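Protein chains in written order, with numbering that gives the first Met the number 0: chain A, 0 to 168; chain B, 0 to 424; chain C, 0 to 157; chain D, 0 to 382.
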Amino acid sequence: MAPVATPFFFYLLSGIMLIGGILVITRKNPVHSALALIVTLLAQASIYLMLYAPFVAGVQIILYAGGIMVLFLFVIMLVSIDRSMRERQFNSQWVAGIIAATALGGLFIAVYTKGTSIFPEHALPVVENDNTQKIATMLYGQYMFAFEIASLLLLVAIIGAVVMAKKKI
Amino acid sequence: MGRIILYIQSYLSSDQTPGAAGNMFWVLVYIMLVFGGLSVAVIAMNWLERKILAHMQVRLGPMRVGPHGLLQPIADALKLLLKEDIMPAEADGVIFWVAPFVVVLAAFTVFVVVPFGPTHAITDMNIGILFMLGVSSLSVLGIVMAGWASNSHYPLIGALRSSAQMVSYEVAMGLAVVSVVLMTSLNATGTGTLSMIGIVQAQQSQGVWFIFKFFPLGLIGFFIFAVAMVAETNRAPFDLAEAESELTAGFHTEYSGFRWSLFFLAEYSAMIAVSSIAVTLWLGGWLRPFPNALSGSTWDFMFSFFPAAAFLFLAAITFFNVVRMPKHPLFRIQTIGLAGFGVVLGLIGLVLLVPAVRMRVQDIFWFSAKVAAFMYLYIWYRGTFPRYRFDQLMRMGWKVLLPMGLGVLILTAGVALLQQNLWHP
Amino acid sequence: MIAKLKRTYGSGIESLTYSGQNYMVVDRSLIPDILQILRNEEQFDYCVDITAVHYPKREKQFDVVWVLYSFPRNERIRVTTQIVDGEALSSSVPIWPGANWLEREVYDMFGIRFDGHPDLKRILLPDGWKGYPLRKDYSILQQDNEWVQINLGIESGQ
Amino acid sequence: MADQNTLTHLDLETPEKPFLDANELVINMGPQHPATHGVLRVILRLDGEKVLGLECVIGYLHRGVEKIGENRTYTMFNPYVDRMDYVAAVSNGLGYCETVEKLLNVEAPPRAQYVRVILTELNRIASHQLWLGTHALDIGAITPLFYTFRDREEILKIYEKYCGARLTTHAFRIGGLQYETYNGFEADVQNFLNFFRPKIDEYEELLTTNRIWVERTKNVGKISAEDCIALGVTGPVLRASGVKWDIRKALPYANYKNFDFEIPTGQHGDTYDRYLVRMAEMRQSVRIIEQAIDAIPEGPIMAKVPKVMKPPAGEVYHSIEAPKGELGYFIVSDGSTQPYRLRVRPPSFVNLQALDLMCRGQLVADVIAVIGTLDIVLGEVDR
């Protein structure tokens with residue numbers, strides 16, 4: 000499929016992401032923050048789609064927007080909103096924040112000025128059609144071991160969570 | 000001008016979906032057609048549900064607005080649009096306002112990848128089925144938002160129930176879907192597909208609907224999905240989120256008027272959406288019955304008359320009922336209206352006889368017919384089953400469907416592996 | 000049975016029969032003992048009803064009536080006692096848990112208090128209501144005007 | 000004995016923790032709630048979805064029936080009793096008329112007795128049908144409601160033909176009946192019985208073996224026979240707990256001793272057993288009506304009662320087996336034309352007390368099922 004109005008959509012989605020990100024850290028109501036985060040994640044998924052990475056986009060929507068964020072909301076909603084609204088927010092760590100922001104900014108500038116040589120000159124050939132299949136072969140071929148280790152780790156985490164949550168099994 | 004026409008015409012000779020071909024004009028046309036058709040389907044479904052349910056319950060259902068209540072959904076829609084839109088004073092305004100739109104958006108966006116025919120889809124995505132599951136899971140967000148923003152106990156409990164329910168059943172649903180994706184990989188290259196069109200084509204090339212593949216594995220997978228999809232859409236007997244005897248109306252208790260109708264619209268389009276997934280994955284999508292056993296141009300020709308025959312049959316029933324209408328002058332308008340409806344059905348039937356239309360519309364007809372069968376099942380469930388309790392629902396999801404799904408997945412993988420390696424080395 | 004009780008408690012018990020139905024009039028002081036004995040020894044395990052009758056002209060204004068039934072004996076008996084307005088009776092909830100709402104209703108309608116009742120408050124009428132409607136001096140047209148005006152926002156409920 | 004510890008009073012006004020802060024949640028169900036069968040208000044204290052305890056707030060439908068009774072003559076009060084348990088108006092009327100007859104020391108003539116039994120048993124069927132429909136609706140099965148209402152209609156038609164009213168029938172008079180049965184009354188009743196017998200099977204087909212129905216009702220709202228007796232619970236609820244007790248057999252009134260029928264009982268005292276007991280009771284009612292139709296004698300329908308009723312001073316307690324349990328009337332007469340004191344012992348009111356015990360430890364959805372299975376009518380609870 001030929002791309003249509005790519006720059007327009009890129010800037011639109013980036014703008015949404017930025018606004019969403021700012022809302023996440025400025026809203027006092029945690030539910031609003033969580034919803035802003037979902038907007039950010041969805042815009043991010045759309046950018047993945049534009050980058051011909053549909054599988055990543057789909058997984059982003061299912062796992063982050065549809066799964067994790069719903070659990071987030073779940074927890075937040077069961078917490079007393081009124082009280083958390085009144086509480087002082089943890090935004091007094093100016094020093095740490097400034098250091099992190101400067102470091103990240105420096106990284107960005109370095110990549111932007113010098114880093115062009117890291118990336119290939121030309122865009123990669125469009126591989127949309129068998130992109131997902133490629134990921135599958137990579138995951139279950141070359142990176143099989145890492146993949147299995149990750150799933151084992153998750154299994155341990157699940158069992159740990161069950162043990163911690165249930166007093167009596 | 001000429002270029003535009005050329006641009007429009009260029010698509011007609013392609014064998015791709017408009018989205019895949021990148022033809023914006025036809026994409027727009029298809030979007031309009033799909034969403035228009037969806038709205039009509041929801042309206043028709045509303046009437047049908049009330050009528051069918053009524054007849055199951057030894058009553059007549061709507062009879063007053065229009066002949067046999069045919070105009071009832073329209074009257075209801077008007078009523079809902081004109082109703083006052085109430086927002087509770089303590090509600091969280093923005094979220095309360097946005098929630099129904101999120102639900103509708105999620106329910107409608109899913110239809111972007113639903114294949115009504117090999118070329119009749121808005122687009123064919125590489126990750127079609129993943130996209131469908133992902134986007135339809137976003138409707139949970141809308142429900143949770145609605146329940147929380149209402150700032151009231153019943154909606155909150157309803158929202159919690161429904162999100163817990165949807166998140167749990169999605170797991171079993173996903174496992175059943177993966178087993179189908181595994182089945183699609185039984186070809187020469189050994190790679191499967193997530194594309195909705197690709198899945199139907201795989202069934203076509205393997206010469207079997209996946210419900211019958213590796214009997215009974217396909218059937219069990221289908222069964223898991225068929226149960227999970229009822230739970231996904233919060234319908235009886237899994238309608239705990241809006242169990243009116245317990246939670247009045249669940250997450251949309253505080254909604255009224257237009258915004259309530261959006262929830263209604265979303266619920267019905269979600270039903271159609273999950274049914275389309277089931278049809279695509281297990282029941283051969285747009286394929287007509289017995290494409291292999293009864294193949295050949297003669298059979299193709301015979302089956303191509305089905306759509307027209309169906310509509311003409313409906314028209315015949317309508318005319319039969321026109322004759323049975325009371326002869327009293329008070330019923331004149333109703334009789335004429337019903338006759339008019341019959342004429343419209345008959346005309347559609349006649350149009351479907353035209354060879355050019357006949358061949359093109361077939362796929363859509365078979366797809367819709369299969370989806371309609373699911374819709375009937377939904378109504379039937381509602382008429383027969385009491386409601387599950389929440390712990391029973393969760394037990395069923397996690398302790399019955401999930402292990403079953405895992406078992407089916409492992410067995411399918413094993414059988415597929417054997418088949419790949421032993422019988423077709 | 001009644002003869003036995005009479006032997007133990009003497010003149011505090013009067014046994015009567017009307018229209019084939021037995022009932023006994025018991026002195027107020029004997030009520031807790033008698034009820035306990037009826038429940039435990041005479042097997043009257045089912046407290047059918049507790050109610051009261053108001054006789055404004057008498058000195059002991061209220062008759063309180065227990066209707067008891069025994070499953071093993073298939074027999075019904077009524078126990079009646081007379082009390083003065085303002086006097087409290089001991090609650091029979093510890094004897095028959097089912098007496099709970101019945102005593103609350105008697106309190107609600109007659110203003111008779113039951114000591115030891117776990118939650119003695121109005122049951123049918125709203126909590127803030129004044130007056131006890133089933134007393135004879137409470138006219139059928141009477142109502143707690145103040146309550147009606149405050150809570151319902153209308154002049155009169157009639 | 001009910002365990003006193005489990006029935007400790009809950010302070011529902013001020014939960015220990017504020018709303019949404021922790022697991023505990025106080026929720027208010029009713030008085031406008033689709034499943035509370037009228038204007039019952041239940042305050043639930045929940046731990047998640049588990050019920051820690053509940054309190055019923057009643058009285059929204061209080062009309063002061065007992066006070067009205069003291070200000071009306073015996074005859075004038077008769078229609079009022081129909082408005083208490085409006086689902087079983089005939090039973091209420093039977094209880095009241097028999098109590099006053101006892102005071103007056105008269106007895107209704109045999110023919111009247113038979114007609115009374117027929118109408119009362121029809122009423123029991125109608126009441127159970129209404130219970131079944133609404134109970135199933137609460138649990139989520141919407142179809143049985145329409146089936147039962149369709150069949151209840153036939154009973155109401157018989158009432159309408161007999162006395163002109165369908166719901167608040169006022170069918171009986173003190174001393175017998177006001178009206179002779181209409182032509183074809185027996186045939187109508189017989190037709191109804193023939194029509195109705197297969198219908199019970201139809202209801203049972205829909206529910207008895209329905210897996211979801213069984214899962215939703217088995218082991219839900221259990222109450223033991225001891226607790227039932229201690230709390231004064233009567234009627235089908237008591238019988239489902241295994242106590243074979245029915246006033247029609249234990250202390251026969253009207254002419255029930257002439258009829259051959261059984262008292263269906265359950266064993267577990269759960270919602271499913273109560274369902275089975277009521278279904279069996281409908282079949283027994285059919286049996287009683289059949290015998291009554293066959294044996295109905297000719298003769299007068301009204302005993303000799305004075306135009307102005309002045310029962311001698313005295314007091315009488317009389318009770319009947321209403322569809323919901325023991326319906327008692329306690330009337331004190333001072334020799335005048337009006338009762339000095341008229342007390343109604345409503346079965347629903349006393350049975351409703353057991354709700355707290357039956358619901359503790361269950362889920363919210365079970366509260367609905369238990370309210371349904373107790374078969375309360377708020378008109379009778381509040382009077």
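Cβ atoms here follow ideal geometry from the backbone N, Cα and C, with glycine treated the same way. Just so it is clear, the structure is predicted and the values come from calculations on it, not from any experiment.
Subject >> Collapsed DSSP secondary structure at E314(D) in the structure displayed >> reply: Looking up residue 314(D) in the fourth sequence gives position 315. It is a strand residue.
**OP:** Determine the DSSP secondary structure at A102(A), reduced to helix, strand or coil.
**Re:** For the purposes of this step, residue 102(A) is taken as the residue at position 103 of the first sequence. Helix, per DSSP.
Original post:
In chain order, what residues of the same chain have a beta carbon less than 8 Å from the beta carbon of L362(D), not counting five sequence neighbours either side?
Top reply: Position 363 of the fourth sequence holds residue 362(D). E48, K49, V50, listed in sequence order.
**OP:** Check whether the Cβ of W147(B) lies closer than 9 Å to any Cβ atom in chain A.
**Re:** Within the second sequence, residue 147(B) is the residue found at index 148, counting from 1. It does: the Cβ of W147(B) has a partner Cβ on chain A nearer than 9 Å.
Subject >> Within chain D, partners of P132(C) - CB distance below 8 Å >> reply: One-based indexing of the third sequence puts residue 132(C) at position 133. Under the 8 Å cutoff, chain D gives G63, K66.
Original post:
Would a C-beta distance cut-off of 9 Å place S178(B) and G404(B) closer than the cut-off?
Top reply: Residue numbering aside, residue 178(B) sits at position 179 when the second sequence is read from its first letter. Residue numbering aside, residue 404(B) sits at position 405 when the second sequence is read from its first letter. Closer than 9 Å, so yes.
Subject >> 8 Å contact criterion, which G384(D) and R82(D) should meet: CB distance rounded >> reply: An answer regarding residue 384(D) cannot be provided, because it is not within the stretch 0 to 382 covered by chain D.
**OP:** Inspect the beta-carbon positions of I370(D) and H36(D) and report whether they are closer than 9 Å.
**Re:** Counted from its first residue, the fourth sequence places residue 370(D) at position 371. Counted from its first residue, the fourth sequence places residue 36(D) at position 37. The answer is yes: Cβ separation under 9 Å.
Subject >> Listed by chain order, chain D residues near I122(C) by CB distance under 8 Å >> reply: Working through the third sequence from its first residue, we reach residue 122(C) at position 123. Residues of chain D passing the Cβ test: I57, G58.
Original post:
Among residues of its own chain, excluding the 5 on either side of T131(A), which ones have a beta-carbon nearer than 8 Å to its beta-carbon?
Top reply: By one-based count along the first sequence, residue 131(A) stands at place 132. So the list reads P53, F54, once near-sequence residues are dropped.
**OP:** Report yes or no: do three or more beta-carbon pairs, one from the segment 193-202 of chain D and one from the segment 287-296 of chain D, lie closer than 8 Å?
**Re:** no
Subject >> Close Cβ partners of N291(B) (< 7 Å) along its chain, the five nearest in sequence each way excluded >> reply: Taking the second sequence and counting its residues from 1, one reaches residue 291(B) at position 292. So the qualifying residues of the chain are G206.
**OP:** Using a Cβ-Cβ cut-off of less than 7 Å, give me the residues of the segment 107-140 of chain B that come near chain A, in sequence order.
**Re:** M124, N125, I126, L129, F130, L132, G133, V134, S136, L137, V139, L140
**OP:** Count the CB pairs spanning the segment 62-76 of chain A and the segment 134-152 of chain B that are closer than 8 Å, and state whether there are at least three.
**Re:** yes
Original post:
Does the distance from the C-beta atom of K323(D) to that of G241(D) stay below 9 Å?
Top reply: In the fourth sequence, the residue the question calls residue 323(D) occupies position 324. In the fourth sequence, the residue the question calls residue 241(D) occupies position 242. Taking 9 Å as the Cβ cut-off, K323(D) and G241(D) do not qualify as a contacting pair.
Subject >> Partners in chain D for V57(B), counting only beta-carbon separations shorter than 8 Å >> reply: Counting from 1 along the second sequence, the entry for residue 57(B) is found at position 58. Residues of chain D passing the Cβ test: F145, Y146, R149.
Original post:
If the cut is a Cβ gap below 7 Å, which residues of chain D does D390(B) touch?
Top reply: Counted from its first residue, the second sequence places residue 390(B) at position 391. Chain D residues near D390(B): L362.
Subject >> the segment 150-162 of chain D contacting the segment 321-341 of chain D, beta-carbon criterion three pairs below 8 Å >> reply: no
**OP:** Consult DSSP for G139(D) and reduce its assignment to one of helix, strand or coil.
**Re:** For the purposes of this step, residue 139(D) is identified with residue 140 of the fourth sequence, where counting begins at 1. Note: G139(D) maps to coil in three-state DSSP.
Subject >> Residue closest to T411(B), alpha-carbon to alpha-carbon, out of P215(B), M324(B), G382(B), I126(B) >> reply: One-based indexing of the second sequence puts residue 411(B) at position 412. If we check each option's Cα against that of T411(B), P215(B) comes out closest.
Original post:
What number of angstroms, rounded off, separates the C-alpha of L326(D) from the C-alpha of L166(D)?
Top reply: Translated into the one-based positions of the fourth sequence, residue 326(D) becomes position 327. Translated into the one-based positions of the fourth sequence, residue 166(D) becomes position 167. Distance between the alpha carbons of L326(D) and L166(D) is about 18 Å.
Original post:
Just how far apart, CA to CA, sit V41(D) and P154(B)?
Top reply: In the fourth sequence, residue 41(D) corresponds to position 42, counting from 1. In the second sequence, residue 154(B) corresponds to position 155, counting from 1. So the alpha carbons of these two residues sit roughly 18 Å apart.
Original post:
Taking only runs of the beta strand (DSSP E) that begin and end inside the segment 26-76 of chain D, which ones reach a length of at least 3 residues, in chain order?
Top reply: 40-46, 49-56
Subject >> Given N257(D) as reference, the closest of E54(D), K101(D), D84(D), Y113(D) once Cα atoms are compared >> reply: As a position in the fourth sequence, residue 257(D) is number 258, starting the count at 1. The candidate whose alpha carbon is nearest that of N257(D) is Y113(D).
**OP:** Mind checking which residues open and close the alpha helix (DSSP H) that includes R386(B)?
**Re:** As a working mapping, residue 386(B) is identified with position 387 in the second sequence. Premise fails: R386(B) is in no alpha helix (DSSP H) and is neither H nor E.
**OP:** Taking all protein chains shown into account, decide if K66(D) is buried (16 or more other Cβ within 10 angstroms of its Cβ) or exposed.
**Re:** Walking along the fourth sequence from the start, residue 66(D) turns up at place 67. The residue in question, K66(D), is buried, as its Cβ has 16 or more Cβ neighbours within 10 Å.
Original post:
Where R160(B) and A106(B) are concerned, what is the direct C-alpha to C-alpha distance, given to the nearest angstrom?
Top reply: Working through the second sequence from its first residue, we reach residue 160(B) at position 161. Working through the second sequence from its first residue, we reach residue 106(B) at position 107. Approximately 19 Å, taken between the alpha carbons.
Original post:
So is D20(D) in contact with chain B if we call contact Cβ pairs under 9 Å?
Top reply: Here residue 20(D) corresponds to residue number 21 of the fourth sequence, with the count starting at 1. Because D20(D) sits at a pLDDT of 43, beneath the cut-off of 50, its placement in the model cannot be relied upon, and the following sentence gives the value as read from the coordinates. For D20(D), the answer is no, since every Cβ of chain B falls outside 9 Å of its Cβ.
**OP:** Please report the Cβ distance between L88(C) and D107(C), rounded to the nearest whole angstrom; I am assuming they are in contact, meaning their Cβ atoms lie under 8 Å.
**Re:** As a working mapping, residue 88(C) is identified with position 89 in the third sequence. As a working mapping, residue 107(C) is identified with position 108 in the third sequence. With a Cβ gap of about 15 Å, L88(C) and D107(C) do not count as contacting.
Original post:
Between W244(D) and chain C, is there a C-beta pair that is closer than 9 Å?
Top reply: The sequence position of residue 244(D) within the fourth sequence is 245, counting from 1. Yes - at least one Cβ of chain C is within 9 Å of the one on W244(D).
Original post:
For the segment 128-146 of chain A, which residues have a beta carbon sitting closer than 7 Å to at least one beta carbon of chain B?
Top reply: N128, N130, T131, Q132
Original post:
How many whole angstroms separate the CB atoms of T147(D) and Q128(D), which I take to be in contact at a CB cut-off of 8 Å?
Top reply: The residue labelled residue 147(D) in the question sits at position 148 within the fourth sequence. The residue labelled residue 128(D) in the question sits at position 129 within the fourth sequence. About 4 Å; that satisfies the 8 Å criterion.
**OP:** Answer with buried or exposed for S13(A), where buried requires no fewer than 16 other C-beta atoms within 10 angstroms of its C-beta.
**Re:** The residue you call residue 13(A) lines up with position 14 of the first sequence. That one is exposed.
Subject >> CB contact below 9 Å: F224(B) versus chain D >> reply: For this step, residue 224(B) is matched to residue 225 along the second sequence. So no, F224(B) is outside the interface.
Original post:
Is there contact between the segment 97-115 of chain B and the segment 267-281 of chain B, where contact requires at least three CB pairs shorter than 8 Å?
Top reply: yes
Original post:
Which one of E253(B), P385(B), R394(B), A265(B) has the shortest CA to CA distance from G92(B)?
Top reply: Translated into positions along the second sequence, residue 92(B) becomes position 93. The residue with the shortest Cα to Cα distance from G92(B) is E253(B).
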